Amino acid sequence: MSASVETSSGRFAFRTIPEPTPTPFRASSDRVEEAHPLLAIRGLTKSYGGLDAVAGVDMDLPHGRITGLIGPNGAGKTTLLNVISGVERATSGGVWLNGEAVAALPQHRLASRGLVRTFQISRELGQLSVLENLLLARPRQTGETLTGIFARAGRVRREEEAAIEVARGALLKVNLWRLADEPASALSGGQKKLLEISRALMLSPRLVLLDEPAAGVAPAMEAILIDTIRGLADEGVDFLIIEHDLDVVAALCRHVYVMAAGKILTQGSFAEVSSDSRVVEAYLGVKA
Ligand code: ATP
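Going by the working numbering, the sequence shown runs without a break in its numbering and finishes at 289.
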């Protein structure tokens with residue numbers, strides 16, 4: 002492996018580092034809180050002017066599940082994900098992560114508790130290498146304050162080395178390690194989705210929120226993406242996934258919530274919700 006990266010304490014080269022045996026991603030905290038659902042949402046509302054994009058949503062995500070969130074365009078799915086993940090502030094209602102009220106927390110504090118939302122690789126990030134993208138996704142480090150850089154140089158270097166190890170593990174996990182030196186912009190649509198997921202892994206997540214992971218992904222890569230998400234779920238990372246490709250939802254999600262006009266229309270297994278006439282009606286805009 003010949004990946005390398007320039008950091009504040011020098012250039013790291015990996016040519017000589019043997020690839021580690023991938024180890025399971027440990028969730029950010031133990032499973033002692035399993036008395037509570039991983040995520041509980043009550044009466045969550047997000048209004049824009051007169052429009053309730055999310056209108057009193059209740060949701061429970063037990064531990065150890067991949068949950069789907071589907072619904073027609075404009076149903077409020079992305080807004081719900083943004084509010085849960087601290088990208089936007091709820092107008093009213095509550096969110097509990099492992100029993101802790103988190104509705105008012107900003108993104109980085111939610112991430113430190115294990116709740117992480119993925120984002121598309123922006124044009125700026127596309128110019129950086131795959132590995133650099135991961136290093137930028139890590140939590141705030143000692144050296145990122147001026148005092149930290151000068152007073153704790155040794156510690157900074159150790160933190161960077163540790164971050165590179167975690168990044169290596171994350172890239173091996175999504176099978177992108179061989180592309181660690183490539184610019185992110187050179188990746189295919191599906192590889193970019195894997196990169197987004199591996200960026201989330203830098204934060205040791207318990208719950209990853211994915212917005213349309215299969216959008217723009219070629220069919221062959223879709224199967225790889227599904228396998229990767231399943232593999233991570235087997236290792237203790239739960240997912241809440243918005244997806245328009247219902248084959249992907251059927252393949253991945255044990256439980257599915259259906260949203261329409263800001264509300265939860267119904268929930269159940271994919272087979273249950275897809276045979277519900279209200280769901281067909283919401284998608285088609287006509288009575289089934
Ligand atoms: P899609 O599947 O098409 O992505 P969605 O289910 O994710 O749709 P949202 O994007 O959450 O739906 O949008 C829900 C409603 O809220 C829409 O009517 C949308 O126009 C509106 N909306 C979303 N964000 C804003 C905003 N920042 N300001 C005003 N209205 C917004």
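Don't be surprised by glycine CBs; every beta carbon is placed ideally from N, CA and C. Computed from a predicted model, the values in this text were never measured in an experiment.
Ignore the nearest five residues each way along the sequence and tell me which others in residue i's own chain have a CB closer than 7 Å to its CB.
i, result
"residue 91", "45, 46, 47, 84 and 104"
"residue 286", "none"
"residue 225", "191"
"residue 177", "131, 192, 195, 196 and 199"
"residue 254", "67, 68, 69, 242 and 271"
"residue 108", "86, 87 and 88"
"residue 65", "239"
Exposed or buried, residue i, counting other C-beta atoms within 10 Å across all chains shown (16 or more means buried)?
i, result
"residue 137", "exposed"
"residue 191", "buried"
"residue 187", "exposed"
"residue 278", "exposed"
"residue 134", "buried"
"residue 52", "exposed"
"residue 200", "buried"
"residue 19", "Only weak support is given to the placement of residue 19: the predicted model assigns it a pLDDT of 42, under 50, and the question is left unresolved by the model."
"residue 56", "buried"
"residue 161", "buried"
"residue 99", "buried"
"residue 271", "buried"
"residue 86", "buried"
"residue 36", "exposed"
"residue 170", "buried"
"residue 263", "buried"
Pull up the CB-CB distance for residue i and residue j, whole angstroms please, since I reckon it's below 8 Å.
i, j, result
"residue 260", "residue 76", "4 Å"
"residue 40", "residue 131", "Not really, about 30 Å apart at Cβ, beyond 8 Å."
"residue 242", "residue 214", "6 Å"
"residue 229", "residue 175", "5 Å"
"residue 212", "residue 79", "6 Å"
"residue 331", "residue 59", "Because the chain is modelled from 2 through 289, residue 331 falls outside the range shown and cannot be assessed."
"residue 118", "residue 82", "6 Å"
"residue 71", "residue 257", "6 Å"
"residue 164", "residue 139", "5 Å"
"residue 208", "residue 126", "Incorrect: roughly 23 Å between the Cβ atoms, too far for contact."
Specify, as a first and last residue, the run of the alpha helix (DSSP H) that residue i falls within.
i, result
"residue 123", "No alpha helix (DSSP H) contains residue 123, which DSSP labels as neither H nor E."
"residue 60", "Note, residue 60: premise wrong, no alpha helix (DSSP H); beta strand (DSSP E) at 52 to 62."
"residue 199", "190 to 202"
"residue 221", "220 to 235"
"residue 239", "Taken as a continuous stretch (DSSP letters only), residue 239 belongs to no alpha helix (DSSP H), being part of the beta strand (DSSP E) at 239 to 243."
"residue 88", "Counting along the chain, residue 88 falls outside any alpha helix (DSSP H), and DSSP gives it neither H nor E."
"residue 69", "Not the alpha helix (DSSP H): residue 69 falls in the beta strand (DSSP E), residues 67 to 71."
"residue 205", "It is not in any alpha helix (DSSP H) - residue 205 carries neither H nor E in the DSSP assignment."
"residue 155", "154 to 174"
"residue 248", "247 to 253"
"residue 110", "108 to 113"
Identify the continuous beta strand (DSSP E) that holds residue i and give its terminal residues.
i, result
"residue 139", "Careful: residue 139 lies outside any beta strand (DSSP E) and carries neither H nor E."
"residue 39", "Here residue 39 belongs to no beta strand (DSSP E), and DSSP marks it neither H nor E."
"residue 261", "256 to 261"
"residue 285", "Looking at the DSSP string, residue 285 is not in any beta strand (DSSP E); the run it does join, the alpha helix (DSSP H), is 278 to 285."
"residue 95", "93 to 98"
"residue 180", "Looking at the DSSP string, residue 180 is not in any beta strand (DSSP E), and its letter there is neither H nor E."
"residue 212", "208 to 212"
"residue 217", "First-last for residue 217: undefined, no H or E at that position."
"residue 269", "264 to 269"
Going along the chain, which residues of its own chain have a beta-carbon closer than 8 Å to the beta-carbon of residue i, five neighbours each way excluded?
i, result
"residue 101", "114"
"residue 128", "184, 185 and 186"
"residue 63", "38 and 39"
Skipping 5 residues on each side, what residues in its chain have a beta carbon closer than 6 Å to that of residue i?
i, result
"residue 97", "41"
"residue 284", "73"
"residue 292", "This structure gives no information on residue 292, because the portion of the chain shown stretches from 2 to 289."
"residue 112", "204"
"residue 280", "259 and 274"
"residue 180", "131"
### Message
Can you confirm whether the region 266 to 275 touches the region 232 to 244 when touching is taken to mean that 3 or more C-beta pairs between the two stretches lie within less than 8 Å?
### Response
With a cut-off of 8 Å, the region 266 to 275 and the region 232 to 244 do not count as touching, because too few Cβ pairs lie within range.
### Task
Answer yes if the region 211 to 221 comes into contact with the region 242 to 250, meaning at least three C-beta pairs across the two stretches below 8 Å, and no otherwise.
Put simply, the region 242 to 250 touches the region 211 to 221. At least three CB pairs are less than 8 Å apart.
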